[in-house]
Amino acid sequence: MSADPGSIRADGHQGLPNLAAQDAAADPHIITTPARTERDIELRIHTSIAPFDVAAEEWFPAVAGFAVTVVVHTVDPATGRPRHLPPAEPAEWARASFSTLDAAQGYFLGAVDPETGSHRRGQLAYRLYLDTDRQAIPVPRQVVTCPHYLLSAIDGRAEITIPTTA
């Protein structure tokens, strides 16, 4: 599967959001599609953008921008209950969503609620951080609620972990 946003589509009516657009809505963009790598699994892909503005801390400068979050729910289409799906396909959806900006700067958060860091069965979360000019930036230390791994870590490349304060 390619991370080309033109090749990953649920159907003709559900395209990926253009995160580079200055008018990207804060409301979540939702795509529902069957999994391509497993049978009887549906992907519900939620993409949202939220502003952040964090104060400086010792050794960490103040920073403002946007957090782009992609949450991929993997469910049984008949029951709506969570189903296991290896992270490769959800990661491709995250890369494709981030590709209008900079997929290389995206992070894999795991099976967590991105806001609290609490475990969430049946979902995988991804984040991309942008400055106020919509340029990708490293994760600001002050917004970390759970470990962040560069998406490239899923490909077996070097893993980068940002420890949490909690």
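Take the sequence shown: its letter number 36 is residue 41 in our numbering, and every next letter is one higher.
Heads up, the beta-carbon is just placed ideally off N, CA and C, and yes, glycines get one too.
- prompt: Quick one: what's I142 bridged to in DSSP?
  reply: Taking the sequence shown and counting its residues from 1, the one referred to as residue 142 is at position 137. Per DSSP, Y134.
task: Could you give the DSSP three-state label for G20: helix, strand or coil?
output: Here residue 20 refers to the residue found at position 15 when the sequence shown is read from its first residue. DSSP places G20 in coil when its eight states are reduced to three.
field: Span of the alpha helix (DSSP H), counted from its first residue to its last, around A101
entry: The sequence position of residue 101 within the sequence shown is 96, counting from 1. It spans A93 to F103 - the alpha helix (DSSP H) in which A101 sits, taken as one unbroken run.
- prompt: Run through DSSP, which three-state label would S123 get?
  reply: Counting from one through the sequence shown, the residue named residue 123 turns up at place 118. In the structure shown, S123 sits in coil (DSSP, three-state: anything other than H, G, I, E or B).
query: Thinking just about the alpha-carbon of each residue, which of L155, R139 and H34 is nearest to the one in V77?
result: As a working note, residue 77 is residue 72 in the sequence shown. Closest by alpha carbon: H34.
- prompt: For A109, which three-state DSSP category applies?
  reply: Sequence index remark: in the sequence shown, residue 109 carries index 104 (1-based). Note: A109 maps to helix in three-state DSSP.
message: Can you confirm whether the region 85 to 96 touches the region 56 to 71 when touching is taken to mean that 3 or more C-beta pairs between the two stretches lie within less than 8 Å?
response: no
field: Contacts around D118, its chain only, beta-carbon distance under 7 Å, and the 5 residues preceding and following it disregarded
entry: For this step, residue 118 is matched to residue 113 along the sequence shown. Contacts found: R125.
task: Identify which residue in Y134, T121 and S123 has its Cα closest to the Cα of S102.
output: Numbered from 1 along the sequence shown, position 97 holds the residue referred to as residue 102. Cα-wise, what sits closest to S102 is Y134.
message: Residues in the same chain with beta-carbon distance under 7 Å from R88, minus the five sequence neighbours each way, listed in chain order, please.
response: Locating residue 88 in the sequence shown gives position 83, where the first residue counts as 1. Excluding residues within five positions, the ones whose Cβ falls inside 7 Å are I46, T79, V80, D81 and G127.
- request: Under 7 Å Cβ to Cβ from A116, same chain only, skipping five residues before and after it: list those, please.
  value: Here residue 116 refers to the residue found at position 111 when the sequence shown is read from its first residue. Closer than 7 Å at Cβ, skipping near neighbours: H124, R125, R126, Q128 and L129.
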